[in-house]
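Colleague: Starting off with a structure, shown below.
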Amino acid sequence: MAAPQLKLTSLRTAIPFKLVVTFSDGTWGTFNAASMLAERGEGTEALRDRRYFAQVDLVNGKPIWPNYFDISPLWLQEEMDKRGELQRPRPARRTGQIGGP
């Protein structure tokens, strides 16, 4: 059986050029897109305008802009993890008797 595909479950923008995201595996954080936008490319050119950047939408679990530029959720999560921007859910606290089964 294939592993479930990672998706975004929520997305909003923050100024300047940040994406606040939650992933389907429960991780979340704020991605600073400034370094991604600094790389020259046809898809990112329009995103350098703050108003345009804010037009991102969540489609089929990934962020996509009106010019059809999108970001892979897996790449986004890996980048956020490398940069220390990714938060992980805390393990559930166990309740019960001390020393009990």
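Letter by letter, the sequence shown follows residues 1 to 101 of full-length UniProt numbering.
Glycine residues also receive a C-beta, built at the ideal position from the N, C-alpha and C atoms.
Residues in the same chain with beta-carbon distance under 7 Å from L47, minus the five sequence neighbours each way, listed in chain order, please.
Modeller: Reading the sequence shown from its first residue, position 47 is the one you call residue 47. Once the five neighbours on either side are set aside, the close Cβ partners of L47 are L37, F53, W65 and F69.
Colleague: Let me know the secondary structure DSSP gives A46 once reduced to three states.
Modeller: The residue you call residue 46 lines up with position 46 of the sequence shown. Reduced to three states, the DSSP call for A46 is helix.
Colleague: By the DSSP assignment, the beta strand (DSSP E) with L19 in it spans what residues?
Modeller: As a first step, residue 19 is located in the sequence shown; it is residue number 19 there, counting from the start. First-last of the beta strand (DSSP E) with L19: K18 to F23.
Colleague: Determine the extent of the beta strand (DSSP E) in which S10 is found, giving its start and end residues.
Modeller: Taking the sequence shown and counting its residues from 1, one reaches residue 10 at position 10. Looking at the DSSP string, the run of the beta strand (DSSP E) that includes S10 is L8 to A14.
Colleague: Kindly give me the distance between the Cβ atoms of L19 and P73, rounded to whole angstroms, as I take these residues to be in contact under 8 Å.
Modeller: Counting from one through the sequence shown, the residue named residue 19 turns up at place 19. Counting from one through the sequence shown, the residue named residue 73 turns up at place 73. Between P73 and L19 the Cβ distance is about 11 Å, and since that is not below 8 Å, they are no contact.
Colleague: Would you please state the rounded distance, in angstroms, between the beta carbons of L11 and L58? I believe it to be under 8 Å.
Modeller: Against the sequence shown, residue 11 aligns to sequence position 11. Against the sequence shown, residue 58 aligns to sequence position 58. L11 to L58, Cβ: 4 Å. Contact.
Colleague: Measure from the alpha carbon of E79 to the alpha carbon of each residue in W28, T13 and A14, then state which is nearest.
Modeller: The count along the sequence shown starts at 1 and reaches residue 79 at position 79. Among W28, T13 and A14, the Cα nearest to that of E79 belongs to W28.
Colleague: What are the residues that DSSP puts in a beta bridge with L37?
Modeller: Taking the first residue of the sequence shown as position 1, residue 37 is located at position 37. Per DSSP, none; premise fails for L37.
Colleague: Hey, could you find the ends of the alpha helix (DSSP H) D81 is sitting in?
Modeller: Numbered from its first residue, the sequence shown carries residue 81 at position 81. Looking at the DSSP string, the run of the alpha helix (DSSP H) that includes D81 is P73 to R83.
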